[in-house]
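All remarks here apply to the structure that follows.
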Amino acid sequence: MIDIRLLRQDPTAFRGALTRRLDPALGGLLDRVVEADRRRREVLVRVEALKAERNQASEEVARLKREKQDATGLLARLKASGDEVRALDTQLRAIDEELEGLALRIPNLPLSQVPDGDGTGNREIRRWGGVPQLAFAPVPHWDLGARLGLFDLPRGTKLAGSGFPVFTGPGARLVRSLAAFMLDLHTREHGYTEIAPPYVVNRATMTGTGQLPKFQEELYHVSEDDLFLIPTAEVPVTNLRRDEILDAAELPVTMTAYTPCFRREAGAHGKDTRGLIRVHQFDKVELVRIVKPEESAQELETITSHAEAVLQKLDLPYRVMQLAAGDTGFAAACTYDLEVWAAGVGGWLEVSSASTFTDFQARRANIRYRPVPGAKPEFVHTLNASALAFPRTIIAILENNQEADGSVRLPEALVPYMGVERLHPRA
RNA sequence: GGCGUGGUGGCCGAGUGGUUUAAGGCAGCGGUCUUGAAAACCGCCAAGGGGGAAACUCCUUCGUGAGUUCGAAUCUCACCCACGCCGCCA
């Protein structure tokens with residue numbers, strides 16, 4: 000949620016920052032917010048003055064009755080003003096609702112250091128690892144997966160539809176191994192607390208992190224109970240502290256969770272969706288950090304490095320991209336994407352997204368902290384990073400480590416979890 | 001799913017139409033005392049939103065919403081949530 004007072008104080012700077020998101024609808028939306036905010040205060044001033052009068056007169060009525068005096072004249076006047084208060088209150092509620100509905104659709108302001116432009120303006124920050132040079136034509140993962148018996152896409156389609164992969168045998172074990180490996184790394188070496196959250200959440204929770212109201216068509220919805228399947232563990236884990244006031248001593252709160260993620264991916268078909276590249280259900284280990292505002296810039300570097308550590312330990316080459324303002328997600332103020340090299344499809348695949356949301360999610364979810372005991376509560380900052388999304392991690396492992404005989408060498412870090420060093424084609 | 005009980009500030013908890021501008025306690029903050037601390041005692045101590053240059057001031061909030069009333073934590077209705085028992089069930 001945007002800070003409406005900030006908009007009121009410095010509308011030019013506010014609009015300037017939002018313009019960088021390259022969404023032509025935002026200007027009009029802001030105009031409507033400013034107008035509704037003005038009307039809200041206008042009505043508020045009138046109704047509050049009336050209520051102050053009424054409260055004073057009510058005390059007078061109480062006093063008269065206590066002293067057994069007549070109050071009928073005062074009561075008649077109060078009745079009229081009561082009707083007016085009711086009418087104005089109704090009007091005010093409608094304006095409040097309108098204002099909130101509008102404000103919830105305005106994205107976060109990009110940080111000043113975020114580059115201008117759309118996706119083509121994304122900036123490569125650094126690169127790690129060497130792109131493997133294979134002595135033969137690399138096979139894409141969908142063929143490798145079938146040959147090695149790791150997953151069965153046609154049967155997944157039979158069960159639920161295209162985009163619902165089934166992992167089988169060593170492939171299923173690979174999924175389980177990745178979960179254990181990533182969770183062990185983040186809990187033991189990076190200090191995160193492991194969380195196993197619900198996979199369905201209510202509207203308030205989805206609104207808290209910014210998926211609702213704007214992106215409902217991207218979510219699977221259980222209409223009978225008005226619940227939504229989570230598109231990422233970020234949603235339940237960040238919302239754990241919704242409507243809470245934290246002690247400063249608790250911060251940073253750092254949590255990690257392994258969950259399935261459900262995404263309708265409405266409209267995304269055809270290109271770049273083959274095999275495991277873009278699916279409706281996938282597993283992911285997520286990192287969430289709830290931090291003091293003044294620490295969020297440094298915290299973004301920290302959480303990004305934790306996601307990078309996974310790729311480094313898996314020996315997968317990647318690059319770090321800073322997203323341009325026009326390509327940064329709705330709730331984020333600054334995002335680094337980690338893109339892993341995939342030899343078979345011959346390209347970089349987004350395998351992690353690390354973002355600071357500044358106070359945007361904290362406002363929506365009402366997560367605050369007291370800087371010092373007894374002080375007024377302030378909004379925290381929230382961050383998250385995938386570390387990592389499984390399907391594209393699996394793609395990179397298979398495609399980069401394939402050998403001429405059709406086998407795939409497993410990264411050393413996974414060998415203890417897999418119990419074997421190599422995956423072989425089925426006989 | 002059925003019946004019952006309940007939902008009050010950061011936490012516990014009193015409160016059945018008007019001195020409740022929500023008692024009291026815990027936690028927290030400040031002070032007295034002390035070499036220091038503890039104890040004891042004294043004081044402060046909810047959140048959100050307006051108006052105002054400021055001092056300050058006003059409004060809202062007792063699970064949510066809608067009613068009754070001049071006036072609602074308190075009365076009515078609906079809903080949500082928690083707990084208990086019954087039913088069903090991994």
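Going letter by letter, the first sequence gives residues 0 to 426 in numbering that gives the first Met the number 0. All residues carry an ideal CB built from backbone N, CA and C; glycine is no exception. Here the structure is a predicted model, which means the values were calculated and not measured.
Could you pull out every residue in the same chain whose Cβ sits closer than 6 Å to the Cβ of HIS423, ignoring the five residues on either side in sequence? Numbered from 1 along the first sequence, position 424 holds the residue referred to as residue 423. Counting only Cβ-Cβ distances below 6 Å, and skipping sequence neighbours, we find SER406.
Taking only runs of the beta strand (DSSP E) that begin and end inside the segment 228–312, which ones reach a length of at least 3 residues, in chain order? Taking only runs of at least 3 residues, the beta strand (DSSP E) segments lying wholly in the segment 228–312 are 243–246, 252–261 and 280–290.
Which partner residues of ARG122 appear in the DSSP bridge assignment? For the purposes of this step, residue 122 is identified with residue 123 of the first sequence, where counting begins at 1. ARG122 pairs with GLN321.
Here's a check: name, in chain order, each residue in its chain whose Cβ is nearer than 6 Å to the Cβ of GLY144, leaving out the five neighbours to either side. Within the first sequence, numbered from 1, the residue matching residue 144 stands at position 145. Excluding sequence neighbours, GLY144 sits near PHE150.
Can you have a look at SER222 and say buried or exposed, based on whether 16 or more other CB atoms are within 10 angstroms of its CB? For the purposes of this step, residue 222 is identified with residue 223 of the first sequence, where counting begins at 1. By the 16-neighbour rule on beta-carbons within 10 angstroms, SER222 is exposed.
Which of the three DSSP states is assigned to ASP95 in this structure? Within the first sequence, the letter at position 96 stands for residue 95. ASP95 falls in the helix class under three-state DSSP.
Do LEU184 and VAL309 have their beta-carbon atoms positioned less than 8 Å apart in this structure? To locate residue 309, count along the first sequence from 1; it is residue 310. To locate residue 184, count along the first sequence from 1; it is residue 185. Cβ distance < 8 Å, so VAL309 and LEU184 count as in contact.
DSSP three-state assignment for GLN128, whether helix, strand or coil: Stepping through the first sequence from its first residue, residue 128 is reached at position 129. A small fix is needed here, since residue 128 is Gly in this sequence, not Gln. GLY128: coil per DSSP, three-state reduction.
Let's see if you can read the secondary structure: which residues bound the beta strand (DSSP E) around ASN201? Here the question's residue 201 lines up with position 202 in the first sequence. Where ASN201 is concerned, there is no enclosing beta strand (DSSP E), given that its DSSP letter is neither H nor E.
From ALA232 to PHE281, what distance separates their C-alpha atoms? Here residue 232 refers to the residue found at position 233 of the first sequence. Here residue 281 refers to the residue found at position 282 of the first sequence. For ALA232 and PHE281, the distance between alpha carbons rounds to 11 Å.
Below 8 Å on the Cβ atoms is my guess for ASP95 versus ARG39; work out the distance and round it to an integer in Å. Reading the first sequence from its first residue, position 96 is the one you call residue 95. Reading the first sequence from its first residue, position 40 is the one you call residue 39. Contact between ASP95 and ARG39 holds, since their C-beta atoms are separated by about 7 Å, short of 8 Å.
Taking all protein chains shown into account, do 16 or more other C-beta atoms lie within 10 angstroms of the C-beta of ASP336, making it buried, or fewer, making it exposed? Along the first sequence, read from residue 1 onward, the residue named residue 336 stands at position 337. ASP336 is buried by the Cβ-count criterion.
Could you say which of LEU387, ALA330, LEU382 and GLU249 lies nearest to GLU298 if we only look at CA atoms? Numbered from 1 along the first sequence, position 299 holds the residue referred to as residue 298. Taking GLU298 as reference, the option from LEU387, ALA330, LEU382 and GLU249 with the minimal CA-CA separation is LEU382.
Here's the rule I'm using: 16 or more other beta-carbon atoms within 10 Å means buried, otherwise exposed. How should PHE192 be labelled? Indexing the first sequence from 1 puts residue 192 at position 193. It should be pointed out that residue 192 corresponds to Thr in this sequence rather than to Phe. Taking all protein chains in view, the Cβ of THR192 is surrounded by fewer than 16 other Cβ atoms within 10 Å, so the residue is classified as exposed.
Which class does THR327 belong to by DSSP, given the choice of helix, strand or coil? Translated into the one-based positions of the first sequence, residue 327 becomes position 328. Here THR327 sits in coil by DSSP.
Can you have a look at VAL130 and say buried or exposed, based on whether 16 or more other CB atoms are within 10 angstroms of its CB? Position 131 of the first sequence holds residue 130. VAL130 comes out exposed.
Let me check understanding here. Comparing Cα to Cα, which of LEU397, VAL32 and GLU66 lies closest to PRO10? Locating residue 10 in the first sequence gives position 11, counting from the first residue. Comparing Cα-Cα distances from PRO10 to each of LEU397, VAL32 and GLU66, the minimum goes to VAL32.
Span separating the alpha-carbon of ASN201 from that of ASP224: Walking along the first sequence from the start, residue 201 turns up at place 202. Walking along the first sequence from the start, residue 224 turns up at place 225. ASP224 has its alpha-carbon roughly 9 Å from the corresponding atom of ASN201.
Contiguous alpha helix (DSSP H) assignments of at least 4 residues, all confined to the segment 139–214: Segments of the alpha helix (DSSP H) lying fully in the segment 139–214: 140–147, 152–158, 168–183 and 202–208.
Taking the beta carbon of PRO212 as the centre, do at least 16 other beta carbons fall within 10 Å, making it buried, or is it exposed? On the first sequence, residue 212 is found 213 positions in, with the first residue counted as 1. That one is exposed.
Identify which residue in GLY274, ILE396, GLY343 and THR327 has its Cα closest to the Cα of VAL414. Looking up residue 414 in the first sequence gives position 415. Cα-wise, what sits closest to VAL414 is ILE396.
Identity of the residue in PRO410, PRO390 and GLU293 nearest PHE378 by Cα: The sequence position of residue 378 within the first sequence is 379, counting from 1. Closest by alpha carbon: GLU293.
Per the contact definition of three or more C-beta pairs closer than 8 Å, is the segment 282–289 in contact with the segment 382–394? yes
Pairs of beta-carbons, one from the segment 111–130 and one from the segment 49–64, closer than 8 Å: are there three or more? no
Do THR237 and THR258 count as a contact pair if the criterion is CB distance below 8 Å? As a working mapping, residue 258 is identified with position 259 in the first sequence. As a working mapping, residue 237 is identified with position 238 in the first sequence. Not closer than 8 Å, so no.
Going by DSSP, what residue range makes up the alpha helix (DSSP H) through TYR416? One-based indexing of the first sequence puts residue 416 at position 417. Boundaries of the alpha helix (DSSP H) around TYR416: 414–417.
VAL221 bridges to which residues according to DSSP? Residue mapping note: residue 221 aligns to position 222 of the first sequence, counting from 1. DSSP output for VAL221 lists LEU226 as bridge partner(s).
List the endpoints of the continuous beta strand (DSSP E) containing SER352. The residue labelled residue 352 in the question sits at position 353 within the first sequence. That run of the beta strand (DSSP E) goes 346–355.
Sub-8 Å separation of ARG277 and GLU216 beta-carbons: As a position in the first sequence, residue 277 is number 278, starting the count at 1. As a position in the first sequence, residue 216 is number 217, starting the count at 1. Not closer than 8 Å, so no.
According to the neighbour-count rule (16 or more other Cβ atoms, all chains shown, within 10 Å of its Cβ), is THR71 buried or exposed? The residue given as residue 71 occupies position 72 in the first sequence. Exposed, because fewer than 16 other Cβ atoms sit within 10 Å of the Cβ of THR71.
Who are the Cβ neighbours of LEU25 in its own chain at under 8 Å, not counting the five residues just before and after it? The count along the first sequence starts at 1 and reaches residue 25 at position 26. Taken in chain order, the residues that qualify are LEU17, THR18, ILE105 and PRO106.
For ASP82, three-class secondary structure by DSSP: Locating residue 82 in the first sequence gives position 83, counting from the first residue. ASP82: helix per DSSP, three-state reduction.
Straight-line gap, ARG126 to ILE244 (C-alpha atoms, nearest Å): Taking the first residue of the first sequence as position 1, residue 126 is located at position 127. Taking the first residue of the first sequence as position 1, residue 244 is located at position 245. Their Cα atoms are separated by approximately 39 Å.
If distances are taken between C-alpha atoms only, which option among PRO169, GLU59, PHE135 and ALA256 comes closest to PRO196? For the purposes of this step, residue 196 is taken as the residue at position 197 of the first sequence. Checking every option, the nearest Cα to that of PRO196 belongs to ALA256.
Assuming MET320 contacts ILE124 (C-beta within less than 8 Å), just tell me the rounded distance between them. Locating residue 320 in the first sequence gives position 321, counting from the first residue. Locating residue 124 in the first sequence gives position 125, counting from the first residue. Sure, about 7 Å apart at Cβ, within 8 Å.
Which one or two residues does DSSP pair with ASN383 in a beta bridge? The sequence position of residue 383 within the first sequence is 384, counting from 1. Answer is VAL287 and SER354, bridged to ASN383.
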